[in-house]
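To start, the structure itself, in structure tokens.
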Amino acid sequence: MSSADPTAADDRDNLSLEEMDGAMVLADGVGQVPSGDPSQGDEADGAAISLPSLVRPVSGRYRNTTGGLQLELRVDVDRARPMKRVSGDFYFTSGSTTSYFGSFAVNSPSITVTVTDVTIKGLGSFTWAAGAPVVQVTIPRRTIFQPQAPATLRFFQTNGSPGAVYVCTFESIYFRTVRIETDRVSDVSTPILASYNTGSLPSGGSARNLSVVSAYAEAGIQMIPTAGSDVINVGEAGGNSIWSNAELHASMQQHFTLWKDLPQWAVWQLVAQNHEFGSGLYGIMFDQQGKQRQGCAVFHAGIGGTTADKLRLQLYTYVHELGHCFNLLHSWQKSLANPPALNRPAALSWMNYPWYYPFGNSSGNAAAYWASFPFQFDNEEIVHLRHAFYNNIVMGGNNFIVGSALGRDVLADSIRDDSGLTFTISTHQRSFALGEPVVVELALSTYDPRGRRVHKWLHPNCGLVKIVVEKPSGEVVGYEPVIDHLVGENETILYPGEQITDSAYIGFGKEGLTFDQPGNYRLRAVYAALGGSQVLSEMLDLRVRYPVTAAAEELADLFMGDEQGTLLYLLGSDHESLRRGNDAFDLVLDKHGKSDLAQYARLVKGVNAGRAFKTVDRDASAGVTVRPAQPEESASLLSAVASSGVLDRVSNEMVLTQLAAVQSLGGNPEAAATTLGKLSAKKTRGPK
Amino acid sequence: MRLNVKLRDGFLNDTVIATVNGKEVFQKAGVQTDLSLSFADGFEIEVEDPEVELGVAVAGGPRATRKVRLAETPFVEVSKNAGDLEIRASAEEVPMM
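Sequence lines, in order, name chains P and B. All residue numbers for the first sequence refer to this note's numbering, where the first residue is 1 and numbers rise by one. All residue numbers for the second sequence refer to this note's numbering, where the first residue is 1 and numbers rise by one.
The structure is reproduced here in structure tokens:
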């Protein structure tokens with residue numbers, strides 16, 4: 001292994017061949033278990049690995065500490081609700097400090113069970129560019145009379161060459177352990193929840209006594225109450241005895257004995273009486289400043305009491321608010337996560353609102369929800385709780401909603417799609433030079449012969465289409481446009497045979513460059529339809545090539561800057577803050593004017609030259625300096641772009657439209673008419 | 001009678017204007033949904049008529065109106081969803097958590 005890449009092999013930590021042979025007792029094909037869909041339920045899960053009853057399950061948390069490197073490995077293939085995956089986190093310890101290095105997860109492994117071993121193998125997703133991204137975990141099977149066996153984690157390169165090996169000792173049946181401190185405010189007049197018997201009222205699950213601790217234990221999360229529980233004087237809420245979020249945060253910093261402005265597996269829950277939002281607020285994850293998600297509060301003004309329905313509501317609220325601290329969103333809001341996932345408004349989950357349940361019975365929607373609710377998280381949330389990358393879940397890690405849905409959902413197919421719509425994403429080529437602008441074409445159509453009412457806002461700028469990108473490292477990001485556009489109504493009835501299209505440059509967004517490394521990318525677009533459906537495109541694979549010549553490398557450097565990305569996004573600007581980007585594009589035209597990439601520099605400069613550019617200038621008499629449009633220069637640049645054949649179809653049509661406009665502006669209506677004629681011909685001949 | 005209006009899901013740094021029977025009763029810029037609560041903002045107003053027409057508009061965006069019968073459904077939720085405003089009225093306050 002190496003400190004730069006813990007998946008890479010080095011001599012010090014490799015097992016000998018003899019040791020490896022001894023450890024590798026794997027009969028190909030024997031007991032092969034396909035990585036199934038955990039949503040198929042317990043029966044399917046139980047059938048997946050039918051270990052004899054006297055054999056220990058292997059799932060749980062394992063740990064390896066070698067020198068300064070520490071690995072936490074989570075194996076999740078048996079025990080309750082197995083999600084059929086493995087994941088892990090690496091940490092470095094130096095002196096008395098430990099820092100997080102990175103995380104990995106194998107989401108679709110093959111699982112092989114023999115008489116002697118369980119082996120889980122698959123391509124991992126990593127938070128870093130792993131040199132040996134294939135993950136294999138082998139665990140000897142032990143009887144219940146023997147201690148739990150260690151897990152051997154081996155990394156492999158994609159060509160099969162071995163990488164680092166870690167032998168991890170079994171630590172816990174739980175995948176994570178979190179310390180919880182529960183404080184109470186002095187004016188709370190009803191008891192703090194101890195537990196609720198889920199058989200007290202109709203429900204969708206087995207009857208059992210559940211507390212906060214046991215509810216999370218069922219999800220594979222160990223909650224250890226601290227001894228620091230405290231009674232907080234209601235005076236800290238101010239003279240009105242009503243809590244604001246600011247007062248809650250201040251109280252957390254004062255009374256949470258474990259509080260630090262650091263990511264850590266520790267959470268504070270306050271049981272209070274009243275919040276300034278009124279008794280309709282049952283609970284809140286108020287900690288959305290600094291290192292977020294470390295504290296939440298529940299309010300007994302709305303949920304307090306000792307009747308069965310109140311105890312049920314208390315349990316639900318306590319667990320729900322802590323779910324937000326684990327970075328879980330409401331069930332119907334998963335598409336607002338970053339990156340987005342599919343909304344699940346009908347989920348029977350702690351993270352839903354019973355009163356928002358879309359199915360009702362004679363007693364109403366909430367009653368129908370409670371009658372079906374099995375008192376558990378849904379499968380995607382279980383995946384997040386057990387296998388999310390460290391910073392996406394640890395309290396004090398990423399801000400709320402960032403990385404909150406990195407479960408099976410990301411880039412996954414819809415289970416059901418009755419929207420009647422088809423949404424596609426494409427590029428005019430599958431391979432791009434490093435630094436080359438990536439423009440995607442988006443197209444919406446319908447197969448419903450009755451037609452479908454749709455909005456026409458396909459550009460990601462408008463917020464109604466999301467594009468998710470999986471990078472070569474396995475990192476998944478949602479593309480966020482630099483500028484969000486507020487849009488109004490723009491609807492139509494779409495019929496079969498018709499298509500709405502748009503193209504979007506997605507190479508640069510709020511998070512910087514999207515395609516910032518060579519390798520294979522996967523993209524998927526999501527169209528938010530009227531009525532709430534999320535229409536997924538097929539997956540689009542594209543490759544960003546390594547620069548193999550000095551010229552290609554220089555071009556990549558000249559295109560890969562934030563200023564250049566902004567200029568491509570805006571299609572040019574005179575603004576002084578973007579001068580370095582414009583200088584880079586000038587250099588592209590000077591030194592590499594015949595390259596394909598030079599056409600993008602001409603596009604940016606040509607569109608910008610064709611429009612007057614106003615700059616706010618306090619020294620100018622009118623307060624604004626206006627650089628007039630330069631139609632001749634613009635026409636020269638755009639003509640070259642239009643005839644180059646480098647751009648995608650939709651962008652090229654935009655160029656022809658712009659070209660005709662500047663030709664007309666420059667007093668050359670004949671040329672403009674000729675250009676428009678080309679545009680019309682292209683539209684007639686072009687693919688639909 | 002008291003009309004209770006809550007702006008819930010989907011608001012993103014919006015300017016929201018609300019009217020009751022055509023008279024502006026609420027205007028606020030920077031309205032943003034807190035995803036941990038599904039709540040952005042709210043207001044309460046005393047009205048005399050048993051039935052009012054509530055109008056809600058997002059500046060530069062969608063608008064919607066709905067008649068509200070205060071004796072039956074005084075609690076109103078407004079959500080912005082896929083570019084539309086949805087107004088729901090109910091007999092009881094819809095809790096938040």
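Even for Gly, the Cβ is constructed at its ideal location relative to N, Cα and C. None of these values were measured; they are calculated from a predicted model.
task = With 8 Å as the C-beta to C-beta threshold (strictly closer), list the residues of the segment 67 to 97 of chain B near chain P in chain order.
result = Along the segment 67 to 97 of chain B, the positions whose C-beta sits under 8 Å from a C-beta of chain P are ASN81, ALA82, GLY83, ASP84, GLU93, VAL94, PRO95, MET96, MET97, read in chain order.
inquiry  = Quick check on the burial criterion: 16 or more other C-beta atoms within 10 angstroms. Buried or exposed for ASN398 of chain P?
reply    = Taking the first residue of the first sequence as 1, we reach residue 398 of chain P at position 398. Counting Cβ neighbours within 10 Å, ASN398 of chain P comes out buried, since at least 16 surround it.
key: Collapsed DSSP secondary structure at GLY36 of chain P in the structure displayed   = The count along the first sequence starts at 1 and reaches residue 36 of chain P at position 36. Residue placement at GLY36 of chain P cannot be trusted, given a pLDDT of 38 that sits under 50; the coordinates are not used to answer.
task = Entirely within the segment 277 to 318 of chain P and at least 3 residues each: give me those beta strand (DSSP E) ranges in chain order.
result = 295 to 299
task = Can you check DSSP and say which residues form a bridge with PRO225 of chain P?
result = As a working note, residue 225 of chain P is residue 225 in the first sequence. In the DSSP secondary-structure assignment, PRO225 of chain P is bridged to P:ILE180.
inquiry  = So, with DSSP's three-state summary, where would you put MET654 of chain P?
reply    = The residue labelled residue 654 of chain P in the question sits at position 654 within the first sequence. Reduced to three states, the DSSP call for MET654 of chain P is helix.
Distance CB(GLY68 of chain P)-CB(SER96 of chain P) smaller than 9 Å = Locating residue 68 of chain P in the first sequence gives position 68, counting from the first residue. Locating residue 96 of chain P in the first sequence gives position 96, counting from the first residue. In this structure, SER96 of chain P does not lie closer than 9 Å to GLY68 of chain P by Cβ.
ask   = What residues in the segment 14 to 38 of chain B have a beta carbon less than 9 Å from any beta carbon of chain P?
value = Listed by position along the chain: ASP14, THR33, ASP34, LEU35, SER36, LEU37, SER38.
ask   = Is there a Cβ from chain P that is less than 9 Å from the Cβ of ALA40 of chain B?
value = The count along the second sequence starts at 1 and reaches residue 40 of chain B at position 40. ALA40 of chain B does not count as touching chain P.
ask   = Can you find a C-beta in chain P that's less than 9 Å from the C-beta of LYS12 of chain B?
value = Within the second sequence, residue 12 of chain B is the residue found at index 12, counting from 1. The question names Lys, but residue 12 of chain B in the sequence shown is Leu. At least one chain P Cβ lies under 9 Å of LEU12 of chain B.
query = Roughly how many whole angstroms lie between the Cα atoms of ASN690 of chain P and TRP332 of chain P?
reply = For chain P, the structure presents residues 1 to 688; residue 690 of chain P sits outside this window and is missing.
Limits of the alpha helix (DSSP H) - the one that SER644 of chain P falls within = Numbered from its first residue, the first sequence carries residue 644 of chain P at position 644. Residues 631 to 644.
query = Would you call GLN254 of chain P buried or exposed, if buried means 16 or more other Cβ atoms sit within 10 Å of its Cβ?
reply = By one-based count along the first sequence, residue 254 of chain P stands at place 254. Per the 10 Å Cβ criterion, exposed.
ask   = Is it true that the segment 546 to 560 of chain P meets the segment 583 to 592 of chain P, where meeting means three or more beta-carbon pairs spaced less than 8 Å apart?
value = Flag = yes, the segment 546 to 560 of chain P and the segment 583 to 592 of chain P touch.
ask   = If you compare alpha carbons, which of P:GLY323, P:ARG141, P:GLN136, P:VAL137 is closest to LEU37 of chain B?
value = The residue labelled residue 37 of chain B in the question sits at position 37 within the second sequence. Nearest to LEU37 of chain B by alpha-carbon distance, out of P:GLY323, P:ARG141, P:GLN136, P:VAL137, is P:GLY323.
request  = Specify the secondary structure class of ALA601 of chain P as computed by DSSP and reduced to three states.
outcome  = Translated into the one-based positions of the first sequence, residue 601 of chain P becomes position 601. Helix.
query = Within the 9 Å Cβ cut-off, does GLY295 of chain P reach chain B?
reply = Counted from its first residue, the first sequence places residue 295 of chain P at position 295. Chain B places no beta carbon closer than 9 Å to that of GLY295 of chain P, leaving this residue out of the contacts.
key: SER717 of chain P versus ILE17 of chain B: straight-line alpha-carbon distance, rounded   = Shown here, chain P extends from 1 to 688; a query on residue 717 of chain P therefore has no answer.
message = For SER431 of chain P, count the other beta carbons within 10 Å of its own beta carbon; 16 or more makes it buried, fewer makes it exposed. Which is it?
response = Numbered from its first residue, the first sequence carries residue 431 of chain P at position 431. It is exposed - the Cβ of SER431 of chain P has fewer than 16 other Cβ atoms within 10 Å.
request  = Could you tell me whether the segment 108 to 124 of chain P touches the segment 79 to 90 of chain P, using the rule of 3 or more Cβ pairs below 8 Å?
outcome  = These segments touch.
Enclosing alpha helix (DSSP H) for TYR357 of chain P [first to last residue] = Residue 357 of chain P sits at position 357 when you count from the first residue of the first sequence. Premise fails: TYR357 of chain P is in no alpha helix (DSSP H) and is neither H nor E.
ask   = Just how far apart, CA to CA, sit PRO202 of chain P and ARG312 of chain P?
value = For the purposes of this step, residue 202 of chain P is taken as the residue at position 202 of the first sequence. For the purposes of this step, residue 312 of chain P is taken as the residue at position 312 of the first sequence. Rounded to whole angstroms, PRO202 of chain P to ARG312 of chain P spans 11 Å at the Cα level.
request  = To the nearest angstrom, report how far apart TYR318 of chain P and SER573 of chain P are at their CA atoms.
outcome  = For the purposes of this step, residue 318 of chain P is taken as the residue at position 318 of the first sequence. For the purposes of this step, residue 573 of chain P is taken as the residue at position 573 of the first sequence. If you take the alpha carbons of TYR318 of chain P and SER573 of chain P, they lie about 52 Å apart.
query = When the cut-off is 9 Å and only beta carbons count, does ASP9 of chain B lie next to chain P?
reply = Locating residue 9 of chain B in the second sequence gives position 9, counting from the first residue. So yes, ASP9 of chain B belongs to the interface.
Complete beta strand (DSSP E) runs within the segment 484 to 519 of chain P (minimum length 3 residues, chain order) = 491 to 494, 500 to 505
inquiry  = Our contact map puts ARG8 of chain B next to GLU77 of chain B with C-beta atoms below 8 Å; I'd like the distance itself, whole angstroms only.
reply    = Along the second sequence, read from residue 1 onward, the residue named residue 8 of chain B stands at position 8. Along the second sequence, read from residue 1 onward, the residue named residue 77 of chain B stands at position 77. Going by Cβ atoms, the distance from ARG8 of chain B to GLU77 of chain B rounds to 5 Å, so yes, they are a contact pair.
message = To the nearest angstrom, how far is the alpha carbon of ALA89 of chain B from that of ILE45 of chain B?
response = Reading the second sequence from its first residue, position 89 is the one you call residue 89 of chain B. Reading the second sequence from its first residue, position 45 is the one you call residue 45 of chain B. About 15 Å.
key: Within chain B, the residues that HIS324 of chain P reaches when beta carbons sit closer than 8 Å   = By one-based count along the first sequence, residue 324 of chain P stands at place 324. Chain B residues near HIS324 of chain P: SER36.
query = Thinking C-alpha only, which one of P:ILE506, P:ASN233, P:THR226, P:LEU270 is nearest ILE180 of chain P?
reply = Locating residue 180 of chain P in the first sequence gives position 180, counting from the first residue. Comparing Cα positions, the closest option is P:THR226.
task = Would you kindly report the start and end of the unbroken beta strand (DSSP E) that includes ILE120 of chain P?
result = One-based indexing of the first sequence puts residue 120 of chain P at position 120. Looking at the DSSP string, the run of the beta strand (DSSP E) that includes ILE120 of chain P is 117 to 123.
ask   = Once you ignore the five residues that flank ILE87 of chain B on each side, which residues in its own chain have a CB closer than 7 Å to its CB?
value = On the second sequence, position 87 is the one that residue 87 of chain B refers to. Counting only Cβ-Cβ distances below 7 Å, and skipping sequence neighbours, we find LEU54, VAL56, ALA64, ARG66, VAL76, VAL78.
query = Mind listing which residues of the segment 336 to 355 of chain P have their C-beta closer than 8 Å to chain B's C-betas, in chain order?
reply = Going along the segment 336 to 355 of chain P in chain order, one finds LEU336, TYR353, TRP355 with a Cβ nearer than 8 Å to chain B.
request  = Look up ALA661 of chain P in the DSSP assignment and give the residues it is bridged to.
outcome  = As a working note, residue 661 of chain P is residue 661 in the first sequence. Answer is none; ALA661 of chain P lacks a bridge partner.
ask   = Beta carbon of LYS291 of chain P, beta carbon of GLY396 of chain P: below 9 Å?
value = Taking the first sequence and counting its residues from 1, the one referred to as residue 291 of chain P is at position 291. Taking the first sequence and counting its residues from 1, the one referred to as residue 396 of chain P is at position 396. Taking 9 Å as the Cβ cut-off, LYS291 of chain P and GLY396 of chain P qualify as a contacting pair.
task = Answer with yes or no whether the minimum CB distance from ILE483 of chain P to chain B is below 9 Å.
result = Position 483 of the first sequence, counting from 1, holds the residue named residue 483 of chain P. Residue-level contact by beta carbon fails for ILE483 of chain P and chain B, as no gap is shorter than 9 Å.
inquiry  = Quick check: what's the CA-CA separation for GLU92 of chain B versus ALA367 of chain P?
reply    = As a first step, residue 92 of chain B is located in the second sequence; it is residue number 92 there, counting from the start. As a first step, residue 367 of chain P is located in the first sequence; it is residue number 367 there, counting from the start. Straight-line Cα distance between these residues: approximately 15 Å.
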